[in-house]
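Novice:
Chains as they are written, first to last, in this note's numbering: chain L, 30 to 255; chain W, 30 to 255; chain R, 30 to 255; chain D, 30 to 255; chain F, 30 to 255; chain U, 30 to 255; chain S, 30 to 255; chain H, 30 to 255.
(1) Does DSSP put residue 64 of chain D in a helix, in a strand, or in coil?
(2) Do residue 143 of chain L and residue 124 of chain L have their CB atoms nearer than 8 Å?
(3) At 3 residues or longer, and completely inside the segment 107-171 of chain L: list those beta strand (DSSP E) runs for me, N to C.
(4) Measuring only between beta-carbons, confirm whether residue 126 of chain L sits less than 8 Å from chain H.
(5) DSSP beta-bridge partners for residue 176 of chain D?
(6) For residue 210 of chain H, would you say it is in contact with chain L, using Cβ-to-Cβ distances shorter than 8 Å as the test?
(7) Measuring only between beta-carbons, confirm whether residue 191 of chain L sits less than 8 Å from chain W.
(8) Which word fits residue 128 of chain L, buried or exposed, when buried means at least 16 other C-beta atoms lie within 10 angstroms of its C-beta?
(9) In its own chain, which residues sit with a C-beta less than 7 Å from the C-beta of residue 201 of chain D, not counting the 5 before and 5 after it?
(10) Express the C-alpha separation of residue 126 of chain S and residue 74 of chain W in angstroms, rounding to a whole number.
(11) Against residue 222 of chain D, what residues of chain R qualify as contacts under a CB-to-CB distance less than 7 Å, listed in chain order?
(12) Is residue 236 of chain D helix, strand or coil by DSSP?
(13) Kindly list, in the order they appear in chain D, the residues whose Cβ is closer than 8 Å to that of residue 54 of chain R.
(14) Using a Cβ distance threshold of 8 Å, determine whether the segment 159-176 of chain R contacts the segment 87-98 of chain R, with at least three qualifying pairs required.
(15) Check this for me: beta carbons of residue 226 of chain F and residue 228 of chain D, under 8 Å apart or not?
(16) Under 8 Å Cβ to Cβ from residue 149 of chain H, same chain only, skipping five residues before and after it: list those, please.
(17) Give me the Cα-Cα distance between residue 158 of chain D and residue 131 of chain F, rounded to the nearest whole angstrom.
(18) Quick test of your reading: residue 176 of chain D and residue 194 of chain F, contact by CB under 8 Å. State the CB separation rounded to the nearest angstrom.
(19) Helix, strand or coil for residue 89 of chain H per DSSP?
(20) Are there 16 or more other CB atoms within 10 angstroms of the CB of residue 30 of chain F, so buried, or fewer, so exposed?
(21) For residue 238 of chain H, decide whether its Cβ has a neighbour in chain W, counting only Cβ atoms nearer than 8 Å.
(22) Could you have a look at residue 241 of chain S and say whether DSSP puts it in helix, strand or coil?
(23) Any idea what DSSP makes of residue 219 of chain F, helix, strand or coil?
(24) Measure the alpha-carbon distance for residue 258 of chain F versus residue 183 of chain D and round it to whole angstroms.
(25) Report all residues from its chain with a CB closer than 7 Å to the CB of residue 52 of chain S; omit the five preceding and five following residues, and keep chain order.
(26) Looking only at C-alpha atoms, which of D:65, D:242, D:180 sits nearest to residue 221 of chain R?
(27) Nearest CA to the CA of residue 72 of chain R: which residue from R:91, R:137, R:48, R:224?
(28) How many angstroms separate the CA atom of residue 64 of chain S from the CA atom of residue 85 of chain S?
(29) Give me the residue from D:151, D:102, D:112 with the minimum Cα distance to residue 133 of chain D.
(30) Label residue 6 of chain F either buried or exposed according to how many other C-beta atoms from any shown protein chain fall within 10 Å of its C-beta, with 16 as the threshold for buried.
(31) Using DSSP with H/G/I as helix, E/B as strand and the rest coil, what is residue 75 of chain U?
(32) Which of the three DSSP states, helix, strand or coil, is assigned to residue 212 of chain R?
This is the structure we're talking about:
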């Protein structure tokens, strides 16, 4: 069977200001190699999410400029964009240590786009003092990304306390009713805190891109985004 | 058709220490009248939950000692048990004004069994200072009942702050993913706060009875409940 | 029964820069009157969502400065904040005429906070040319809010075309699998467009507040929000 | 235990014009061998879906005329039907590279029944220009099969642009709310594009047979199908 | 609030060969009047689905050429397209009398587009002889539309017997697990009959448009649809 | 930790006429050994369901009178009850070869209780003639057990044709909407055929015991079961 | 529109031994009149389920031999079959008074087919002594039908105590997680009691027909049902 | 990437009287080592839940005072609190042997906090006599914890018989509708027994902490918990 090869969305950077991102989980190593080869030839950067250790090992052997980020389960090709402090900082918070993978994916994706970040783990609301004593660290942030599994109450409490944009990321950590992250997702969507917005379960990358859109479109005082 | 009539569970008081309770929502006025007549003849108290204004009106006309409690949507027959302060107090909290119906059902059910109660509305976690500034009022409570709709985070935050038994009651107030109270229910079950227990959505009466069991079984230092 | 009265979250404006908002759907007229009285005495503005014609009629009779916004099913007390063009404009798009209620709630909530808005109806993706020919109108917007029922594909297509923050609002318009807006919600969460964030079904108000957070926190070039 | 052996539906070809198809996933190698033996003796063709590499290896060793199609995870016995161009062509589109397995199953099933096909990958709607620039290739197709995971918006956009029959195939590629393909399925069923029809998640074979029915029943201008 | 008015998708007829269709259920009478006025001015036909008796009454008073089709709950504006027998006939079957509304919507939508139709009620599979004795009537049909509530087995049995395209329409008739038509929908999607395709629950109009696409694209022996 | 050991329900045979059955899937080999030892000492028979090859191997090594039934994934201890033809025969039907495991469990469980059985595979309704031509074999059966995955229509068609008790067993064979057997379960529960009853997904043993209850309680013409 | 009229399944009595039954809930009065007229002309009996007071009133005015059974929400046409005591008795149990409607439908349907019945209300398992003290009454029954809402534990406890066939009927009485009867349905399907079979939620009629099949097929000692 | 390290909730013991507990399932060995090191340095006890054999082996090699509790899948660091009989005893019951893991987690967690416990396995309600004959053993218990999979009826029957607080723990043992413990969870929440409260599926630890809260807050007759 002859079929037309993968068409990369090569204008994404121009259109949206984002590095080409590849969803790695459901792709074979062969498919990933083919895609990365194309990007390499075009001198493009690449950001591959949801890559396990084994796939990563094979890809790193083949691509010199590839780098595996173990905490975030991501693989990058090429160098990150130069940090641009004028865009402001993003703080990524997580309820527990188990949420690290998702929080790290968000952190890495922002850092790779030149955004300054800070990661704040283990500030879940069942031990409220941990969050309350961290508020100072959060104040300077332009955007807050809050990752939480279980009942997912962290973004709700946070968005009730702070005026910044808060992006909730439900995490598939839990068991029973919270096994796949649905309790957390619904808790965030149902939040009584005004103006909390949400992305798909475990979608650290998506939260990062939502934050990037916010930072970029407000960089200048002109009315038009750039 | 001739069928065997409703058998009241007349030993419930002796066995469990609870007044006969009747689930009013799916019963016709005729069925309720029949049941209340039987109880009246036996000199028993009755506690009917989920009775609307219309049904209540008809029943009050027929039974002199019946009383309708509008906030709680409950109807009682006979006098409440005498308040027994030695059992300790129960505080019932709610996230918002819309949760009143359920909180009031819990409060009434406890009061009707002779328990001292306090009701604390509008302490939802999206405005955290309201809860934090109320903690003093809560300290003296033997058991806490926390009613919340939407994302249902109140009992989680509460159980992380206070050592008492906390019973979460999800409330069917919300829309979209929280329309029927499921987001709230799952949030409470998935809670990362240790030792929070939960009853069915809108089950204020059930939470009250769970609190009653707790208070009664610990009244004396003997090992056996009475 | 004597219970503690509704505690309004009176510091919300200072903390989050938002007018006091009241969820109207599950509250009785009596409860709303009590709350609005309190706010009026304190000289506060109020924004009541999900009020039907009947409730609104009764409230308008009692409060001189109240105004009912029929399209949006909202009632306001007092005057809107003065329009502040420096914050930039928000375009609210909707897939079909049936989504008007939700889109109008978002539009009104922003306008009431002094934000300039534009409403663009009937640009659903099944007639793609309608959206493509409207892109010019969208370019100047700082934030995009996209409301859609049925399959909810509008925000996905939009976020693939435009670099701004896009907030998706699923609308409970549909039947069968899309009856309550769940197909639309899940479609938006599952979107393959990077950086789309989502609020609860029909939550026009929430989307507006998410947009407000974005606009406000980026007003100045300083790193701290105000 | 003696039980009656598998009864093949041997008249399917006469009745429906389709090659005998065997669902391979939940069958053991032993069961598949027994079935293929029977068909071979009768001189019949066979089309086995959802066969993994390991099962395929064992079967190919046993049957000379068997062939494994790796992309499609299908195994065939015997030669395909002779291509009949008079029936027209079918284009199979997919949103991303990860959908290949399902798209390839559809393509193979049609090709095996003598239908001319074209496969068009990576035309997902988050990069709309890829689809728009491919419309020329699609015009000549008699039927369109659109495979998509995630939010599954491709068939909706397609059916809004093109007049042919469009068959949507949800693909179980995604995570969180789209993990098993349900978001995609519901998105297609809820589509606001008129006349889009849908098959089960990952059912590339079913979509192919639906297309075959369409092509065959309209071959002649007579009113009766043949 | 001034917002941009409803944009009708006026090129739909040219693009897809379909009369402008309006989803009537979630629109107010005012919204429908506005839309119908626009179409009338442009000399266009209109097909409004899911209109109840009350709405229909008001609209018929205002529009001379409007007509209400009670069985189908649809309202039409203008005359149907002239019947074109060369396109072939469509038989619409239903499992029970209760499915009439949906079957009638499909039948009307096709008839309105000039297609010859036949309606065959009460051929549910629990009394199989009714279907088997009707097969003769079905043979001449180019496309079959099968509407069924409850367990929805009719299209499965039908697609196992007949070679034509079969479009299943789940109907929201039932109770318990089949209350909203989901059991029927899933039964059709899960069907073991090859090549059955499905539309949303109660979507008679959608099934009709899917059938129309099939009939039109195969009218001529040329490879391109018209 | 010292805990009270497993209490076998040793009176089950006297009370219900059933051999002691043990659910094997969630038990460790150690737990099963302990249970089987107890039964052996008491001279009891045992019927262990859902045992995989590996567990079975270990158990067979330890217990001389144990026997593994591979098709049914069951292990038995001791000899079956003597066949009692006076109770009548049960025919177990299945839609496809993939349902064998469940059908075999039902067949074995009945045979082990002394019931005469017949197994009829591959009579799914998508090839209706296979079922219709088998009706003669079914007529003599006292009870019918119909196992089906996918859309699960077999018991519906069967119960519409035959007067005997029909017990439907949904099978977890399928993919997409039918992946875990839910489509099949709901299809059977929603059946429009009168008097079809259903057991849990894959519960071949349960269906067998339901059949056994039917056969036993009607053996004599006396009014009391024995 | 001319369509083929409702085809009654007139051979059902011969085939299955059941009176013609009509599902009344989703049919208009006009449709019911038409069906009953046909049956009356043919001298057939009819059993219409799920008829409300209003519909019943209109039908009774038109048909002399019609009778409305208020408890059961059923309407019958003609006289019941003559009681045949040789078939044995069926006891119908219910957990609470609220389940009466469903239990009464089952009872009436059996009585209408000439079966002797007994109805035993309010034997729910939360007051276990009520069930235990009724066991004597149950012993003589050939088949047991157990109706229960809420958690639906009654049939499980019953099937653990008694050897007869037990048919569980989940009832849509409850709230929160048990609102539509799903908790009860799943509880019955998941039962650890061997040989319990289940019908759809509220399907009293179906349970009755399942019982009828059991009684009829075992009347004689011959191997063939009659 | 440098991120802030895990913040242990070190005041939990003072605040809630509970040993530091760590959720082990979604943490890597490295994460667990880091956390246990911190606690060890601080001289704290630790209770790690959901640790498998493999993880436990590695941890035990590293920490001298660590102990693995195989039945409960828990690992402890340090010695348990000294048994305090004045707090009273807790009986943990389970429906079947398969529920052991969850029951053992609850038992161990209580014992580790100095509470006297008794474990009573295999008292499921399908063999009711086993529960009824154990009631004597239960009477002395201050709190009852009832673990059950499948239909989860045990806590309902128990709470109907006994006056103590009953905490239901659904167990993820089952298949089909009860596969993940949801049938059991919903059955417990929907229970008709008054005052039963519930924790998440498999949450033995949570049930233990709920029991601990009850015991501790009632130790003295003073109104304030300690």
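All residues carry an ideal CB built from backbone N, CA and C; glycine is no exception. Please read all numbers here as calculations on a predicted model, not as lab measurements.
Specialist: In terms of the structure at hand:
(1) Position 35 of the fourth chain, counted from the first residue, corresponds to residue 64 of chain D. DSSP, read as helix, strand or coil, puts residue 64 of chain D in helix.
(2) What you label residue 143 of chain L is simply residue 114 of the first chain in a count that begins at 1. What you label residue 124 of chain L is simply residue 95 of the first chain in a count that begins at 1. Result no, Cβ atoms of residue 143 of chain L and residue 124 of chain L do not sit closer than 8 Å.
(3) 118-123, 145-149
(4) For the purposes of this step, residue 126 of chain L is identified with residue 97 of the first chain, where counting begins at 1. Yes - at least one Cβ of chain H is within 8 Å of the one on residue 126 of chain L.
(5) For the purposes of this step, residue 176 of chain D is taken as residue 147 along the fourth chain, with counting starting at 1. DSSP, once it has assigned bridges, lists D:123, D:198 as partnering residue 176 of chain D.
(6) Indexing the eighth chain from 1 puts residue 210 of chain H at position 181. It does: the Cβ of residue 210 of chain H has a partner Cβ on chain L nearer than 8 Å.
(7) Within the first chain, the letter at position 162 stands for residue 191 of chain L. No, because no Cβ of chain W sits closer than 8 Å to the Cβ of residue 191 of chain L.
(8) On the first chain, position 99 is the one that residue 128 of chain L refers to. Buried is the call here.
(9) In the fourth chain, counting from the first residue as 1, residue 201 of chain D sits at position 172. The answer, listed in chain order, is 178, 209, 210, 230, 231.
(10) For the purposes of this step, residue 74 of chain W is taken as the residue at position 45 of the second chain. For the purposes of this step, residue 126 of chain S is taken as the residue at position 97 of the seventh chain. Rounded to the nearest whole angstrom, the C-alpha separation of residue 74 of chain W and residue 126 of chain S is 19 Å.
(11) Residue mapping note: residue 222 of chain D aligns to position 193 of the fourth chain, counting from 1. Under the 7 Å cutoff, chain R gives 155.
(12) Residue 236 of chain D sits at position 207 when you count from the first residue of the fourth chain. Correct three-state label for residue 236 of chain D: helix.
(13) Start at 1 with the first residue of the third chain, and residue 54 of chain R comes out as number 25. Close partners of residue 54 of chain R in chain D (Cβ separation under 8 Å) are lacking, with about 25 Å as the shortest Cβ gap.
(14) With a cut-off of 8 Å, the segment 87-98 of chain R and the segment 159-176 of chain R do not count as touching, because too few Cβ pairs lie within range.
(15) What you label residue 226 of chain F is simply residue 197 of the fifth chain in a count that begins at 1. What you label residue 228 of chain D is simply residue 199 of the fourth chain in a count that begins at 1. Cβ atoms of residue 226 of chain F and residue 228 of chain D: closer than 8 Å.
(16) Here the question's residue 149 of chain H lines up with position 120 in the eighth chain. Contacts found: 120, 121, 122, 123, 163, 166, 167.
(17) Indexing the fourth chain from 1 puts residue 158 of chain D at position 129. Indexing the fifth chain from 1 puts residue 131 of chain F at position 102. Rounded to whole angstroms, residue 158 of chain D and residue 131 of chain F show a C-alpha spacing of 38 Å.
(18) To locate residue 176 of chain D, count along the fourth chain from 1; it is residue 147. To locate residue 194 of chain F, count along the fifth chain from 1; it is residue 165. With 8 Å as the limit, residue 176 of chain D and residue 194 of chain F do not qualify as a contact, their Cβ atoms being about 19 Å apart.
(19) Translated into positions along the eighth chain, residue 89 of chain H becomes position 60. Here residue 89 of chain H sits in helix by DSSP.
(20) In the fifth chain, residue 30 of chain F corresponds to position 1, counting from 1. Reliability of the predicted coordinates at residue 30 of chain F is poor, the pLDDT of 44 falling under 50, and the value obtained from them is presented with this limitation in mind. The residue is exposed, with fewer than 16 neighbouring Cβ atoms inside 10 Å.
(21) Locating residue 238 of chain H in the eighth chain gives position 209, where the first residue counts as 1. By this cut-off, residue 238 of chain H is an interface position.
(22) Translated into the one-based positions of the seventh chain, residue 241 of chain S becomes position 212. Helix at residue 241 of chain S.
(23) For the purposes of this step, residue 219 of chain F is taken as the residue at position 190 of the fifth chain. Residue state, collapsed to three classes: coil.
(24) In this structure chain F extends from 30 to 255, so residue 258 of chain F is not present and cannot be described.
(25) Here residue 52 of chain S corresponds to residue number 23 of the seventh chain, with the count starting at 1. Within the same chain, 78, 79 come within 7 Å of residue 52 of chain S by CB-CB distance, once the 5 residues on both sides are set aside.
(26) The sequence position of residue 221 of chain R within the third chain is 192, counting from 1. Out of D:65, D:242, D:180, D:180 has the C-alpha closest to the C-alpha of residue 221 of chain R.
(27) Taking the third chain and counting its residues from 1, one reaches residue 72 of chain R at position 43. Cα-wise, what sits closest to residue 72 of chain R is R:48.
(28) Here residue 64 of chain S is taken as the residue at index 35 of the seventh chain, counted from 1. Here residue 85 of chain S is taken as the residue at index 56 of the seventh chain, counted from 1. The straight-line gap from Cα to Cα measures roughly 14 Å.
(29) Reading the fourth chain from its first residue, position 104 is the one you call residue 133 of chain D. Here the closest residue by C-alpha is D:102.
(30) Any question about residue 6 of chain F goes unanswered here, given that chain F covers just 30 to 255.
(31) Counted from its first residue, the sixth chain places residue 75 of chain U at position 46. Strand, per DSSP.
(32) Within the third chain, numbered from 1, the residue matching residue 212 of chain R stands at position 183. The answer is helix: DSSP assigns residue 212 of chain R an H, G or I state.
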